[in-house]
Structures are given as structure tokens and as C-alpha cells.
Amino acid sequence: MAFATDLAMRRNLDVEWVREQIGEAQRLPQVSRLVAPAPRGTPKNWAAYRARFIEPVRLRAGLAFWENNRAWLERAEAEFGVPASLIVGVIGVESIYGRHTGNFRVIDALSTLAFDFPTSHPRAETRSAFFKDELEQFLSLTQRNGLDPQGLLGSYAGAMGWPQFMPSSWIKYAIDFDGDGKVDLFDSQADVIGSVANYFKSFGWQPGMPTHFPVSVDGPQVDLDGLLAPDILPTFSVNSFTAKGARLEGAALQHTGNLALVELENGDAPRSYVAGTDNFYAVTRYNWSSYYAMAVIELGQAIQMQLSAR
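My numbering applies: residue 763 is where the sequence shown begins, and numbers increase by one.
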């Protein structure tokens, strides 16, 4: 309640309204369990992860979504420079085109993670602060837009709508793309498309630049540790990248921006690698995972191939 009062004063919101909303929130033990990190030593597997998203249900739904929203996707690509395939890929991975937008009350999820974040988590204090801020953004968003904070549903982390925007992302990046005077990420597919495109543009998407290139990193001359040291942050020029033993071909050799070596584990099988560009890094700003970024990219490309074949 002290947090609620402080929030209301800083945001110029009605104190009793804010206290009432937070007071009605329920603590959800399931949410606390869901945010727990994977056990140490759990192997990552890109092939298995990919198979969860590039699969028949998402491919069929994505094809229908693209066909039904072709004009909005073309407009978004023209205005923001973000490929339709990337927009379609994100929405498919996030919610299967609106089929799974979450069944948790957002007020409950955010309050649980703000005030009862699992103390066993290695970054519990930082994460709790993050969700306190998201709770604040959520209440401000709902109050100023006439939405019922007790009625909105989302993910266990409080993400909402077809693109699964956190409240702060909704406020910063969501747009009224269909021009009806409101931003609606639950029922306006146009607003969803425009908002995803705006998000990527805001995080530095560069039109026309590939997200990644094929790369070979086998052989004793490869400085793998050096190549992986910056993680997925593009740091190397093509010359410095190849000087460390990475082998590029074709268009990759003409790339004028920086590159990062992206490593994808495949369980007990050999690891996969790609050379990620600044646009690959931009995709990871939606979800800080190279596995996620590759799934988004490849789902969108697979749907585009099906569309072209029709």
C-alpha cells in the first residue's frame, strides 16, 4: 500500500483507485514457479526449440494471417522498413496469431513478481524492481486509457495482446496503425502489425540488411573463444571476423557492418553457428535470446516461402 500511494503521487493518479487495484491483486504461486531459471546443466537444443515453432499449426495460421493482412503488412514494411516476414514471425512465435495471449490476470502476475519474486533467483532484486516498474506502467496505462486493470489477461510475466508487449513496451512502442483513435493490441491486427514494426525500427532495424549469414568455424586456426567473447553483440568487421578463422562466402564478404558469432547448442549434437548482423541483434531486443531470434526469422521465412508457392 505504501508503494501504491507513492506510485499514485508520482504519476498523478487517484490514490484510492491505485490502492484499490493493487489491494485486489492476488498472489499467484504458479507465476513464481514459472519464472524460476532452468536447473543448472540443462542442455540447450536449437533443433528441438526450432521444432516447437516451425510446425504445421503456426505455418497454417501464419499463412492465413499474412493473406488476411497483406495490405497492412505492406504498409508497415514501406513505412518502417521492417520485412513482413519478420513481423509475421514474431506474432506467430509470441501468440500463434492471437490464439494464446495468456490466461493470467495481468494485475495478479505483475503484483506477484513485483512483491513476491522468488528470492532463490540469482537476480531476484533486479527482477523485482523491473516488475514494480511494469506494474506502475500497467496501472498508468489502464487508467489513462479507460481500461479495467482487473479484467486484462496476459502471460505469467504480464505480457499482453497478440505481440505480447509488456506494459512499458505498449506505452513506448504501440501505435494506432488503423487510425481509429485508440491503440488495441488485443483485437486490432493492424495495430499489432504496426506496433511490432515500430518496435523494431525503434531498436535500430536497418532496412535491406540481412539478419545473418552462414559461417564455418571448424579447423584448428579458428579462435572460437575470441569470436564468442562479445556474445551476440556485433563487434567484428568482416576482416577482423575472418582474421580469427571464421569463413564467410558470397554476400557476407561484402557486408559493411559489424558481425557477431552466434552459437546455438544442439544437445549432444554438434553446435550450429551463424554470423549475426546488427539486424539479428535488433531481433533479440524483443526477447534476449539468439534461439528466439532464429525461430522468429525462420518461421517468417517459412511462411513467406509457402505464400510464394501458392
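The beta-carbon is built from N, C-alpha and C at its ideal position, and this holds for glycine as well.
Small disclaimer: the values here were computed from a predicted structure and weren't measured.
Roughly how many whole angstroms lie between the Cα atoms of residue i and residue j?
{"i": "K934", "j": "V780", "result": "22 Å"}
{"i": "D878", "j": "E841", "result": "42 Å"}
{"i": "E782", "j": "A891", "result": "21 Å"}
{"i": "P929", "j": "L835", "result": "24 Å"}
{"i": "N960", "j": "P925", "result": "12 Å"}
{"i": "A766", "j": "T1046", "result": "33 Å"}
{"i": "P996", "j": "T1004", "result": "14 Å"}
{"i": "A800", "j": "D942", "result": "43 Å"}
{"i": "S964", "j": "A1055", "result": "17 Å"}
{"i": "I858", "j": "L848", "result": "14 Å"}
{"i": "P969", "j": "N831", "result": "21 Å"}
{"i": "P992", "j": "D895", "result": "29 Å"}
{"i": "E887", "j": "T874", "result": "14 Å"}
{"i": "K806", "j": "P884", "result": "20 Å"}
{"i": "I994", "j": "P791", "result": "34 Å"}
Using DSSP's beta-bridge definition, name the partner residues of residue i.
{"i": "V1024", "result": "V1036"}
{"i": "P976", "result": "V1036"}
{"i": "N960", "result": "DSSP, once it has assigned bridges, lists no residue as partnering N960."}
{"i": "M922", "result": "F927"}
{"i": "L915", "result": "R867"}
{"i": "R772", "result": "BP columns for R772 are empty, so no partner."}
{"i": "F998", "result": "L1021"}
{"i": "A1031", "result": "N1028"}
{"i": "N807", "result": "N1028"}
{"i": "R1009", "result": "S978"}
Taking residue i as the reference, give the member of the options with the closest Cα.
{"i": "Q1066", "options": "E782, A846, A813", "result": "A846"}
{"i": "V954", "options": "A1005, F927, A991, H974", "result": "F927"}
{"i": "N865", "options": "F998, M922, G824", "result": "M922"}
{"i": "R814", "options": "A1071, S1070, L909, Y1053", "result": "Y1053"}
{"i": "A770", "options": "H862, A1064, Q1068, F900", "result": "F900"}
{"i": "A919", "options": "R789, D776, Q1063, A1055", "result": "R789"}
{"i": "R773", "options": "L897, L1061, A1055, T1004", "result": "L897"}
{"i": "F939", "options": "P805, A838, L775", "result": "A838"}
{"i": "A1031", "options": "A810, E778, D949", "result": "A810"}
{"i": "I784", "options": "R885, R867, A833, F998", "result": "R867"}
{"i": "V945", "options": "V977, L909, P976", "result": "L909"}
{"i": "V819", "options": "L796, V855, S902, D776", "result": "V855"}
{"i": "L872", "options": "T863, G916, V958", "result": "G916"}
{"i": "T1039", "options": "V977, Q983, P884", "result": "V977"}
{"i": "G843", "options": "S999, L1021, N1049, F962", "result": "F962"}
{"i": "G787", "options": "V777, N907, P884, M763", "result": "The identity of residue 787 in the sequence shown is Ala, whereas the question assumes Gly. The shortest Cα separation from A787 among V777, N907, P884, M763 belongs to M763."}
{"i": "T863", "options": "A833, E778, D949", "result": "D949"}
{"i": "L796", "options": "Y1048, R906, S882, W1050", "result": "S882"}
Since I believe residue j is in contact with residue i (beta carbons under 8 Å), could you give me their beta-carbon distance rounded to a whole number of angstroms?
{"i": "S1034", "j": "N1041", "result": "At roughly 19 Å, the Cβ-Cβ gap does not stay under 8 Å, so S1034 and N1041 are not in contact."}
{"i": "G1007", "j": "D987", "result": "Incorrect: roughly 11 Å between the Cβ atoms, too far for contact."}
{"i": "L1015", "j": "A1037", "result": "11 Å between Cβ atoms; not a contact."}
{"i": "W808", "j": "L1026", "result": "4 Å"}
{"i": "V979", "j": "L1023", "result": "7 Å"}
{"i": "A823", "j": "P880", "result": "Not really, about 34 Å apart at Cβ, beyond 8 Å."}
{"i": "L821", "j": "A1071", "result": "That belief does not hold up - the Cβ atoms of L821 and A1071 are roughly 12 Å apart, past 8 Å."}
{"i": "A861", "j": "E1060", "result": "According to the sequence shown, residue 861 is Arg rather than Ala. At roughly 20 Å, the Cβ-Cβ gap does not stay under 8 Å, so R861 and E1060 are not in contact."}
{"i": "M971", "j": "G1019", "result": "7 Å"}
{"i": "I816", "j": "V958", "result": "Their Cβ separation, rounded to whole angstroms, is 19 Å, which puts I816 and V958 out of contact at 8 Å."}
{"i": "Q1068", "j": "L825", "result": "5 Å"}
How would you label residue i, buried or exposed, when you count the other beta carbons within 10 angstroms and need 16 or more for buried?
{"i": "S931", "result": "buried"}
{"i": "W967", "result": "buried"}
{"i": "T904", "result": "buried"}
{"i": "R802", "result": "exposed"}
{"i": "H974", "result": "buried"}
{"i": "N1001", "result": "exposed"}
{"i": "L989", "result": "buried"}
{"i": "G1062", "result": "buried"}
{"i": "Q951", "result": "buried"}
{"i": "L947", "result": "buried"}
{"i": "D870", "result": "buried"}
{"i": "V793", "result": "buried"}
{"i": "G913", "result": "exposed"}
{"i": "P911", "result": "buried"}
{"i": "A1044", "result": "buried"}
{"i": "A936", "result": "buried"}
{"i": "G981", "result": "exposed"}
{"i": "A876", "result": "buried"}
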